[in-house]
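Undergrad:
In our numbering, the protein residues as written are 6 to 332.
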């Protein structure tokens, strides 16, 4: 490369960098970081996804994006805090299906926000399957056998979830309805304690998102019984997809994570964040990290994600009503 070409290249790169910085400053004019509220405590698989996305999003925006863990209430406390924040583009929410699309129907008296009214959808970050696991001493090595046991002795086998009205709980309710069996639900306040009791043979089954479940099953600490996808997971090739079972033929369910902002956040902010988020989710490093947890990166416009959330709310509202789920 000649000296002239090298100078031209450097000038061009500098101009592009300055343009990106100027564009970010026009949307976020104040010298303060963007806060990404994660409605769970630090350390879980969702938190890991949040930190990766925050880092890469900040790099693309030329703006610091910090993760703020606001746990409690099964994710509703952090979600409410985001819904009440100033709609100035400096507060975002890592929204998860349970608090964003289910909680207001399970516990309408205490959940103080309405997702459709108080939040604006920016983009789908990821979808992830759920994994049904058995305790180490469970006298069954397949979910088909579990269903046989449940039919023979209804309401005897126990299953753990991270809480009442979570997407994990609702997934198990759908499975029981379709398979025409009854299991006994043991709700916990988070997945960590549910996992501990599964490992200790205190509960028969547990269902967790793939990010938390895959390492446990791969290490053979628990029995991998089924995944809630249409096909088997590359990370768990020996664990059947739930739709393979005759009683659950064709069934598939996934959990999801998305990016939201307070309602009335400027359209220019929403559009810019959606564009940059979609670019982040196509980065090889992000795809690799997601694949390790059997997580699929999202895509699409803000409007498409908003429509998706509305459909999810309507679907879960019906399930909650039909199963009479209350907290």
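For each residue, glycine too, the CB sits at the ideal point set by N, CA and C.
Are the beta-carbon atoms of residue 34 and residue 270 separated by less than 7 Å?
TA: Not in contact: residue 34 and residue 270 (Cβ atoms no closer than 7 Å).
Undergrad: With residue 174 as the anchor, note down where its alpha helix (DSSP H) starts and where it stops.
TA: Residue 174 -> alpha helix (DSSP H) spans 172-184.
Undergrad: Per the DSSP calculation, residue 164 is bridged to which residue(s)?
TA: Note: residue 164 sits in a beta bridge opposite 190, 210.
Undergrad: With residue 302 and residue 131 assumed to form a contact (beta carbons below 8 Å), what rounded beta-carbon distance in angstroms separates them?
TA: Indeed they touch by this definition, with Cβ atoms about 6 Å apart.
Undergrad: Within its chain, find whatever has a CB closer than 7 Å to the CB of residue 235; leave out the 5 residues flanking it on each side and keep chain order.
TA: The answer, listed in chain order, is 246, 248, 257.
Undergrad: Counting along the chain, where does the beta strand (DSSP E) carrying residue 74 start and finish?
TA: It spans 70-74 - the beta strand (DSSP E) in which residue 74 sits, taken as one unbroken run.
Undergrad: Would DSSP call residue 4 helix, strand or coil?
TA: Residue 4 cannot be examined here, being either before or after the span of the chain that is shown, 6 to 332.
Undergrad: Give a yes or no on whether the C-beta atoms belonging to residue 314 and residue 111 are separated by under 7 Å.
TA: No. Outside cutoff.
Undergrad: DSSP on residue 36, reduced to helix/strand/coil?
TA: Looking at residue 36 - three-state DSSP - the assignment turns out to be coil, as it is neither helix nor strand.
Undergrad: Are residue 3 and residue 332 touching if we call contact CB-CB under 7 Å?
TA: What is shown of the chain runs 6 to 332, which leaves residue 3 out entirely.
Undergrad: Quick check: what's the CA-CA separation for residue 38 versus residue 69?
TA: Cα-Cα distance, rounded: 5 Å.
Undergrad: Round the Cβ separation of residue 253 and residue 180 to the nearest angstrom and send it over; I've been treating them as touching at under 8 Å.
TA: Their Cβ separation, rounded to whole angstroms, is 6 Å, which keeps residue 253 and residue 180 in contact under 8 Å.
Undergrad: Alpha carbon to alpha carbon, how far is residue 140 from residue 195?
TA: About 18 Å.
Undergrad: By Cβ distance, which residues of its chain are closer than 6 Å to residue 159, with the 5 residues on each side in sequence left out?
TA: Taken in chain order, the residues that qualify are 187.
Undergrad: May I ask you to report which of helix, strand or coil DSSP gives residue 295?
TA: Three-state DSSP puts residue 295 in a helix.
Undergrad: Give me the Cα-Cα distance between residue 276 and residue 96, rounded to the nearest whole angstrom.
TA: Looking at the two C-alpha atoms, the distance is approximately 15 Å.
Undergrad: According to the Cβ coordinates, are residue 145 and residue 136 closer than 7 Å?
TA: Result no, Cβ atoms of residue 145 and residue 136 do not sit closer than 7 Å.
Undergrad: Whose CA, out of 307, 156, 83, lies closest to the CA of residue 279?
TA: If we check each option's Cα against that of residue 279, 307 comes out closest.
Undergrad: Does DSSP classify residue 262 as helix, strand or coil?
TA: Strand at residue 262.
Undergrad: Tell me the DSSP secondary structure of residue 149 in three-state form.
TA: If DSSP states are grouped into helix, strand and coil, residue 149 belongs with the helices.
Undergrad: With a CB to CB cut of under 7 Å and the five nearest residues on each side skipped, what residues in its chain are close to residue 58?
TA: Result list for residue 58: 130, 285, in chain order.
Undergrad: Write down the C-beta distance between residue 148 and residue 250 rounded to the nearest angstrom, noting that I regard them as a contact closer than 8 Å.
TA: Indeed, because the Cβ distance is near 6 Å, the residues count as touching under 8 Å.
Undergrad: So, for residue 176: in the same chain, excluding its five sequence neighbours on each side, which residues have a beta-carbon less than 7 Å away from its beta-carbon?
TA: Cβ neighbours of residue 176 beyond the five flanking positions: 135, 212, 233, 258.
Undergrad: Does the Cβ of residue 297 have 16 or more other Cβ atoms within 10 Å, making it buried, or fewer, making it exposed?
TA: Residue 297 is exposed by the Cβ-count criterion.
Undergrad: Any idea what DSSP makes of residue 228, helix, strand or coil?
TA: Reduced to three states, the DSSP call for residue 228 is strand.
Undergrad: Starting from residue 134 and walking both ways along the beta strand (DSSP E), at which residues does that stretch end?
TA: Here the beta strand (DSSP E) through residue 134 covers 124-139.
Undergrad: Tell me the DSSP bridge mates of residue 42?
TA: DSSP lists 73, 98 as partners of residue 42.
Undergrad: What do you get for residue 323, buried or exposed, if any count of 16 or more other CB atoms within 10 angstroms of its CB means buried?
TA: With fewer than 16 other Cβ atoms within 10 Å, it is exposed.
Undergrad: Would you tell me roughly how many angstroms separate the C-alpha atoms of residue 209 and residue 231, rounded to the nearest one?
TA: One C-alpha to the other measures close to 14 Å.
Undergrad: When burial is assigned at 16 or more other CB atoms within 10 Å of the CB, is residue 40 buried or exposed?
TA: Residue 40 should be labelled buried.
Undergrad: Which value, in whole angstroms, describes the spacing of the CA atoms of residue 114 and residue 330?
TA: Looking at the two C-alpha atoms, the distance is approximately 14 Å.
Undergrad: Assign residue 171 to one of two classes, buried (16 or more other C-beta atoms within 10 Å of its C-beta) or exposed (fewer than that).
TA: Buried, since its Cβ has 16 or more Cβ neighbours within 10 Å.
Undergrad: Where residue 273 and residue 219 are concerned, what is the direct C-alpha to C-alpha distance, given to the nearest angstrom?
TA: Cα to Cα, residue 273 sits roughly 39 Å from residue 219.
Undergrad: If I'm right that residue 178 touches residue 328 with Cβ under 8 Å, what's the distance once you round it to whole angstroms?
TA: Yes, they are in contact, since the Cβ atoms of residue 178 and residue 328 sit about 5 Å apart, within 8 Å.
Undergrad: Pick out whichever of 185, 157, 142, 199 has its Cα sitting closest to the Cα of residue 169.
TA: Ranking the options by Cα distance to residue 169, first place goes to 199.
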